[in-house]
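Student: Please read through the structure below; I'll follow up with questions.
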Amino acid sequence: MIRITFTNLWARRYRLLASSIAVLIGVAFMSGTLVLADTMGRTFDGLFTDVYAGTDVVVRGESAFEQGDQLQFGIDSRPRIDADLIAQVEEVDGVAVATGEVEGYAQVVGSDGEPIGDPMGAPTLGVVWTDVEELNPMNLVEGGPPTGAGEVVIDRGTAEEGTLSVGDTTSVLTAAGPVEVTIAGVALWGEVDSPLGASIAAFELPTAQELFGEPGEVDAVSIVAEDGLGQEELRDRVAEAVPDGVEVATGAEVTEEGQSDVREALGFFNTFLLTFALVALFVGSFIIYNTFSILVVQRSREMALMRAVGASRTQVLTSTLIEAAVIGLIASVLGLVAGIGVAGLLKGLLAALGLEIPAGGTVVTGGTVLAAFAAGLLVSLAAAFIPARHAARVSPVEALSAAAVETPTRSVLRTGLGLLCTAAGVALIVTGLFADLDNAVAVVGPGVAITFLGVAVLGPVLARPAARLLGAPLPRLKGVAGRLARENAMRNPRRTASTAAALMIGVALVAFISIFAESARASIRATIEDSFRGDFVVDSGSFGFGGFSPNLARDLNDLDEVAAASPVRMTPVEVDGEQTYLVGVDTTVVEDIFDVGIESGSLDDLEVGAVAVFDDRAETDGLRIGDTLPARFIEGGDQELRVAATFSNRDLVGGDYAVGIDTFDEFAPGTLDMSVFVAAADGVDTDRVRAAIDEVTAAYPTASVLDLTEYQEQQADSLNQILGLVYVLLALAVLVALLGIANTLALSIHERIRELGLLRAVGMSRRQLRSTVRWEAVIIAVFGSLLGLVVGLFFGWVMVEALGDSGFSRFELPLAELVIITALAALAGVVAAVGPARRASRLNVLDSLAAE
Amino acid sequence: MAEAAQVTTTTAPAARAVKATKVYGEGPTEVRAIDGVDVEFGRGAFTAIMGPSGSGKSTLMHCMAGLDRLTSGEVYIGDTELSSLSDRELTHLRRDQIGFVFQAFNLVPTLSALQNITLPMILAGRKPDEDWLDQVIDAVHLRDRLAHKPAQLSGGQQQRVAVARALATRPEIVFADEPTGNLDSRAGADILTFMRRAVDELGQTIVMVTHDPLSAGYADRAVFLVDGKVVDEMAEPTPARVIDEIKRLGAPA
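If you read the sequences in order, they're chains A and B.
Read in numbering that gives the first Met the number 0, the first sequence has 759 at position 760, and its numbers run on one by one without any break.
Read in numbering that gives the first Met the number 0, the second sequence has 221 at position 222, and its numbers run on one by one without any break.
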C-alpha cells in the first residue's frame, strides 16, 4: 500500500508541488519571522554584552514603580541620584574608576535645518561622553572627544543622515531648548553606525547634566572594578557605601535587564508578524482541503478499484493522509529554506525603515525547525482529513460506474452545521470584545477562525444561487463561453465554495481593517470637530519622550493675537498601585479651547495636588469630589492627589487623570510639552494669528502649526503607517488564495479534459475556451470577495461597537475602498485564471478526447 | 474485386484524401499509421471505413476531420485543403462544415440536450436554421427530451443528441467514430437507422469508422484499411459479404 501511495504521489508530483506552495508560503513566513526574531535577539544580546562589557557595577536610583524597570514613553522610571555619589563610590576599596551617566532627549539638527529622527520612531538620545574606555560604547572614527560645553560627538548614522562632519556647527534640540554645538567627533556605536536607528549625541558630563537633568545629579554611576575583583563582590562593597533609595547592580544584571527589555519589545513585533503567518497558513489549509477533495473525486474509481481488490478503508484513508503528510513535509522543508530568505527580506525592510540591525550570523534554532515542520504537517494533515475520509468511504461498486459522481451536498445538515459553527464563532468574538476579559485575544482569535470555518461550511449552500446570480449577465455578454463559465461555477458548489473561501478570509480581513480604520478616522475627526473650540494646534508629533520646551506655550500666551494657549504634557505615574499616566493642561484656559465636559467640581479648583478624573473611572473606582488618590511620581515620590473635578470627554485629554501645569512643575519637573492648543483672540484675522504663531515656533524646530482641519487630518492619518504594513501582510493571504483559485481551476480543467476536447472538436475557438475558464474564475473570485465583504463588515461593525467607550463614535464604510477591493479580487481571479486558461486552450483535441 | 472497384460520384466528392500519410515517432519506433491513402467520400453517401484495430482507420478519420494533421499528402473538405489551414481556420471549419459523433462522451454535461445540439451554432454566434433543426430533432425523436441534461438521458438518447448535433449545422460531412460502440444492439440499431435516414431523406454525407460488420451493413459503401493502406472497397455492403471480406483480408498473404 505504501509503495502504491508513493507511486501515486510521484505520478502527480507537479500537481502536489503546486498545492504544497500554498502551505509553503505560510511556513516560510512563519519560520522567517522566527529566524529574524532569533537573529535579532542574539544580535541584541551581543550588543548589550558589548556595551556593558567593561561595566562591573552600576549605581542608580531605585525604580519608583512597583512594576520595576518598565519604561513608559521612553521615560525611565528611576529618579536621579546625587552626583556626589561618584566621588563617594570611587573611594570604595576595589573601585578602579567611576563615571556619571545622564541620558535625555537630544535631537540633532541636520545641515539642512531639519531635526534628524522621527519623534515617533527610534529614540534620539543625549548621553555623557566618558574617556574611560571600558565604559564607553562609542568608538571614534573621526575627530576627537567633546571638550567644553559647545562640543558633541554624534553617531555615524546621524552624521550621514544630517550630512554633518567634524567641525560643523549646528544645534541640538533638548528639553531645555535648542543649544548651539560644534561636532567634535563622529563615532560608531559598538560596531554599527547607530544602535537600532537611534540617534546619539554625547556631551561632557556638566553639559549633559545641564541639558538633560539637574546640575549636581546623575541618572547612574558606572563603575570599573580593579583587576581580579568579582562583580558581586564589588557590588556588595559599593552597596554598603551608598544611602537608602539607591540601588547597586552588577554589569551582568544590567546587561540581562537590557536584553530582556529588548526581547519583550521584539516579542510584540514578532507576535504581530506571526499573526499574519498564521492567517496565511489558515488560508493555505483551505487550498490543501480543496486539492484533496478534487483529487479524491477524480480518483474515486481508482480508489473503488483498490477497495474492490481488497484494500481496507483504513488503508485508503492512511494512503491519502500519507500523501498529505508528504505535501506537508515538502512544504515544511522548502518553507524553512525560503524562511531564511524571508528573514533576510524582513531585515532589509527594517533597515530601509532606519532600523538597522547589526550584522550577525543568521540564527536558525531547533525551535524554528520544529515549528516549521509542526505547522506544515499539521495544517496539511488537518486539511486533508475530511477528503481522506471521503476517499475511504468510496464503495467498491463505484469502480464499475461510468463516471465519477460527487456525492450530493446534504444541504439541510450542512446549513445547520454551518449556522451553528458561525454562531459559535460570533459568540466567541462578542464575548471576547464585550465581556471584560483578561485575555480577550485568546477568545476573539479562535472566534474569528471558527466564524470563517462556519461561513466556509455554509459556502456550498450559497455557491449555486450566488454563481447563478453573479453569472446572470454572462450568457448575454459572452455568449456560450459565458454560459459555460456560469454553469461550470454552479456545477460543483462545494468546490466553488471552498475555493472562494480562501479568498474570503483575505478579503474579510482587508475589509475589516479598512472599515475599522475609516471608522477610527471618522471618529477622530468628529471628536475634534465636536469638542475643539480653539483654532490652532502646535504639535511636536511626539508622544511622551521628546516634545518641545514649555517656554513655547508661555511665548504663545504672550501674543496679542492669542486669547488662550494650553500646553498638553504627559508623565508616567502610579495611581493606587496601578501604572498609568497623568496629563497636564493649563486649567485656567483649557475650557476655552476644548470641551472636556466637566461633570462635577470645577477646573478652577485644580491647584497643585488636585486632580480631575474621567467620570467613568471615578464611578468604577467609587471616587467623589474631595476624595484623595495615592499617586507615585518618578521624581516627586509619593503624593496624595485630591479629586477636584470629574470630566466626561477624555478624547483630547487622552487619559483618565488630568492635573494642572503647576502640579507637573512640582512633581514632574522638566517634562516636555507634546502639543499646545491655541484659541485665537476675538476679531483677529486667522492668517494674522497664524503668522504670529509661526514666528514664535520658528525657534522650535520640532513644532509644527496646524489649523483645525490640518490637525484632524494629521490625527486621522496617524493610523496610515501601521495600516500600510497590515495591508502588505494581508496581501500575502490573498496571494495564497489566488494560488488556490489557479490550482482549483487547473484541477477542474484536468477533470473536464474530455469535455474541453469535445468543445474544441465541435468548433469552440481557443479564445472562447480561455474566456470560459477566465469567467468561471471571476465568478468564484467575486463570490469569495462578496462573502469576505459581508464577514469583514460584521467584524468591523462589532469591533467599532466594542470600542464605543474608547472614542469610537462613528461607524463608517469606506465605500470607495470596498468597491476597489471587490474589483481587485475579480481582477485577481482573471490573473489566477491566466495559466489554467492558457493550458486549457492549448490542449490537443485528440489527446483530450482520448483521455481517461 | 472487380465489381467493388470504383463507386464514382456524379458531383465533386464531399471529402477526399490524396496520398495521405501519417507517421508517428521516428527511426526504429516509427509507425506509419496511414500510408499513402487515396480515397474519396461521395456527397450524399453513407460510407463505412472498416479495418482491424491498428489499421489506421481512426487516424484517417481524425486527419480528414481536421482533428489531426498529416505528415504528408493532402486532405480536402469540399474544395478546402486542410494542411494549409491555421488552428483558427480549422476550428471554424469543424464548427461550420463538419459534424462529429464520437463513441462516448459526446455531450457537455452542463448544457441541456437542445443546447448541446445547437452548440456549434452558439459557438459561432449564429442562429440555427429553425426548420432544419425541427426536422433533425423530429428525426431523432428527441422533442420531449430537449430540456434534459445529458445525465438524465439514456446512453442511446445521448448518442441520438450527439447525432442531432452533428447534423444541426447541415455540415458538408459528418464523421462518426464507432458511434454504436458503447450501446446495446437495439439502441445501436436505432442510431444506425437514423443515420441511414439522414443520408436518404435529408441528403447528408456520413463517414463512419467501425469494425462491426452489422454496422457496415447500413452503409452505401465500405472502404477496407489494413496496415494504413486502403486494400479494398465494396459497394452496397451486407454483413455477410463484409464478414467474408474481413476473413479474406485477415488470412495470411
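Where a beta carbon is used, it is the ideal one built from N, C-alpha and C, also for glycine.
As the structure is a computational prediction, the values presented were derived from the model and not from experiment.
For chain B, check one thing: does any of its Cβ atoms lie closer than 8 Å to the Cβ of A471(A)?
Tutor: Working through the first sequence from its first residue, we reach residue 471(A) at position 472. Judged by the 8 Å Cβ criterion, A471(A) is not in contact with chain B.
Student: Which residue marks the beginning of the alpha helix (DSSP H) containing W131(B), and which one marks its end?
Tutor: Locating residue 131(B) in the second sequence gives position 132, counting from the first residue. Run containing W131(B): E129 to A138, per the alpha helix (DSSP H) assignment.
Student: Are G669(A) and A174(A) close, meaning C-beta to C-beta below 8 Å?
Tutor: Reading the first sequence from its first residue, position 670 is the one you call residue 669(A). Reading the first sequence from its first residue, position 175 is the one you call residue 174(A). Yes; because the gap between Cβ atoms is below 8 Å, this pair is in contact.
Student: With DSSP as the reference, please indicate the residues paired to N138(A) in a beta bridge.
Tutor: Start at 1 with the first residue of the first sequence, and residue 138(A) comes out as number 139. N138(A) pairs with L187(A).
Student: Which residues in chain A sit within 7 Å of D67(B), going by Cβ to Cβ distance?
Tutor: If you number the second sequence from 1, residue 67(B) lands on position 68. Near D67(B) (Cβ distances below 7 Å), the residues of chain A are L845.
Student: Pull up the DSSP beta-bridge partners for D176(B), would you.
Tutor: Residue numbering aside, residue 176(B) sits at position 177 when the second sequence is read from its first letter. Answer by DSSP bridge pairing, in chain order: V208(B).
Student: Have a look at the DSSP bridge pairing and note the partners of M233(B).
Tutor: Position 234 of the second sequence holds residue 233(B). Paired residues: A221(B).
Student: Given a limit of 9 Å on CB to CB distance, which residues of the segment 68-95 of chain B reach chain A?
Tutor: The segment 68-95 of chain B vs chain A, Cβ under 9 Å: D86, R87, T90, H91, L92, R93, R94 and D95.
Student: State buried or exposed for Y217(B), treating a residue as buried only when at least 16 other CB atoms are found within 10 Å of its CB.
Tutor: For the purposes of this step, residue 217(B) is taken as residue 218 along the second sequence, with counting starting at 1. Y217(B) should be labelled buried.
Student: What's the gap between the Cα of A857(A) and the Cα of L418(A)?
Tutor: Past the boundaries of the shown model lies residue 857(A); chain A is included only from 0 to 851, so the question cannot be answered.
Student: Take G249(B) and list the residues in its own chain whose beta-carbon comes closer than 8 Å to its own, dropping the five residues that flank it on each side.
Tutor: The residue you call residue 249(B) lines up with position 250 of the second sequence. Same-chain partners within the cutoff: P51.
Student: Entirely within the segment 223-301 of chain A and at least 3 residues each: give me those beta strand (DSSP E) ranges in chain order.
Tutor: Complete beta strand (DSSP E) runs here, min 3: 245-249.
Student: Say whether chain A places a C-beta atom closer than 8 Å to the C-beta of R164(B).
Tutor: Translated into the one-based positions of the second sequence, residue 164(B) becomes position 165. Answer yes: the Cβ-Cβ gap between R164(B) and chain A drops below 8 Å somewhere.
Student: State yes or no: is the beta carbon of P149(B) nearer than 8 Å to at least one beta carbon in chain A?
Tutor: Locating residue 149(B) in the second sequence gives position 150, where the first residue counts as 1. Chain A contact via Cβ: absent.
Student: Name, please, each residue of chain A whose Cβ falls closer than 9 Å to the Cβ of G124(B).
Tutor: For this step, residue 124(B) is matched to residue 125 along the second sequence. Near G124(B) (Cβ distances below 9 Å), the residues of chain A are G478 and V479.
Student: In this structure, does DSSP put S410(A) in helix, strand or coil?
Tutor: As a first step, residue 410(A) is located in the first sequence; it is residue number 411 there, counting from the start. Of the three classes helix, strand and coil, the one that applies to S410(A) here is helix, per DSSP.
Student: Using a Cβ cut-off of 8 Å, which residues of the segment 135-147 of chain B contact any Cβ in chain A, in chain order?
Tutor: Listed by position along the chain: nothing, the set is empty.
Student: In chain order, what residues of the segment 760-777 of chain A put their CB closer than 8 Å to some CB of chain B?
Tutor: The residues in question are A760, V761, G762, M763, S764, R765 and Q767.
Student: Counting only the same chain and skipping the five closest in sequence on each side, list residues whose C-beta sits under 7 Å from that of E179(A).
Tutor: On the first sequence, position 180 is the one that residue 179(A) refers to. Excluding residues within five positions, the ones whose Cβ falls inside 7 Å are G149, T168 and S170.
Student: Using a beta-carbon distance cut-off of less than 9 Å, what residues from the segment 749-760 of chain A approach chain B?
Tutor: From the segment 749-760 of chain A, only R751, R753, E754, G756, L757, L758, R759 and A760 have a Cβ closer than 9 Å to chain B.
Student: How close, in whole Å, do the beta carbons of V57(A) and G250(A) come, if the pair is a contact with beta carbons under 8 Å?
Tutor: Taking the first residue of the first sequence as position 1, residue 57(A) is located at position 58. Taking the first residue of the first sequence as position 1, residue 250(A) is located at position 251. Sure, about 7 Å apart at Cβ, within 8 Å.
Student: Out of curiosity, what's the CA-to-CA distance linking L89(B) and I33(B)?
Tutor: Position 90 of the second sequence, counting from 1, holds the residue named residue 89(B). Position 34 of the second sequence, counting from 1, holds the residue named residue 33(B). So the two alpha carbons sit approximately 21 Å from each other.
Student: Can you grab the Cα-Cα spacing for the pair F593(A) / D554(A), in whole Å?
Tutor: Reading the first sequence from its first residue, position 594 is the one you call residue 593(A). Reading the first sequence from its first residue, position 555 is the one you call residue 554(A). Spanning the two alpha carbons is a distance of roughly 20 Å.
Student: Could you check whether the Cβ of P51(B) sits closer than 7 Å to any heavy atom belonging to the ligand GTP?
Tutor: Here there are no bound small molecules, and the ligand GTP is not part of this structure.
Student: Quick test of your reading: S331(A) and L376(A), contact by CB under 8 Å. State the CB separation rounded to the nearest angstrom.
Tutor: Within the first sequence, numbered from 1, the residue matching residue 331(A) stands at position 332. Within the first sequence, numbered from 1, the residue matching residue 376(A) stands at position 377. That belief holds up - the Cβ atoms of S331(A) and L376(A) are roughly 6 Å apart, short of 8 Å.
Student: Using a cut-off of 8 Å between C-beta atoms, extract the partners of P108(B) located in chain A.
Tutor: Numbered from its first residue, the second sequence carries residue 108(B) at position 109. Result: R490 and E754.
Student: Does DSSP put Y23(B) in a helix, a strand or coil?
Tutor: Residue mapping note: residue 23(B) aligns to position 24 of the second sequence, counting from 1. Y23(B): strand per DSSP, three-state reduction.
Student: With a CB to CB cut of under 8 Å and the five nearest residues on each side skipped, what residues in its chain are close to A525(A)?
Tutor: Sequence index remark: in the first sequence, residue 525(A) carries index 526 (1-based). So the list reads S808 and R809, once near-sequence residues are dropped.
Student: Measure from the C-beta of I253(B) to each C-beta in chain A and report whether the shortest distance is under 8 Å.
Tutor: Missing from the structure shown is residue 253(B); chain B here goes from 0 to 252 and no further.
Student: Grab the span of the beta strand (DSSP E) containing F632(A) for me, first residue to last.
Tutor: Translated into the one-based positions of the first sequence, residue 632(A) becomes position 633. T627 to F632 is the span of the beta strand (DSSP E), which, as asked, contains F632(A).
Student: Tell me, please, whether the CB atom of H61(B) is closer than 8 Å to any CB atom in chain A?
Tutor: Stepping through the second sequence from its first residue, residue 61(B) is reached at position 62. Closer than 8 Å to some Cβ of chain A, the Cβ of H61(B) qualifies, so yes.
Student: Can you confirm whether L483(A), when its beta carbon is compared against all beta carbons of chain B, has any partner nearer than 8 Å?
Tutor: As a working note, residue 483(A) is residue 484 in the first sequence. For L483(A), the answer is yes, since a Cβ of chain B falls inside 8 Å of its Cβ.
Student: On a Cα-Cα basis, can you pick out the residue from V101(A), E132(A), E159(A) and V443(A) that is closest to V107(A)?
Tutor: Position 108 of the first sequence, counted from the start, is the residue given in the question as residue 107(A). Considering only alpha carbons, the answer is E159(A).
Student: Below 8 Å on the Cβ atoms is my guess for V735(A) versus A374(A); work out the distance and round it to an integer in Å.
Tutor: Counting from one through the first sequence, the residue named residue 735(A) turns up at place 736. Counting from one through the first sequence, the residue named residue 374(A) turns up at place 375. Not quite, the Cβ-Cβ distance comes to about 14 Å (not below 8 Å), so this is no contact.
Student: Are L113(B) and G154(B) close, meaning C-beta to C-beta below 8 Å?
Tutor: Taking the first residue of the second sequence as 1, we reach residue 113(B) at position 114. Taking the first residue of the second sequence as 1, we reach residue 154(B) at position 155. Not a contact, by the Cβ cut-off of 8 Å.
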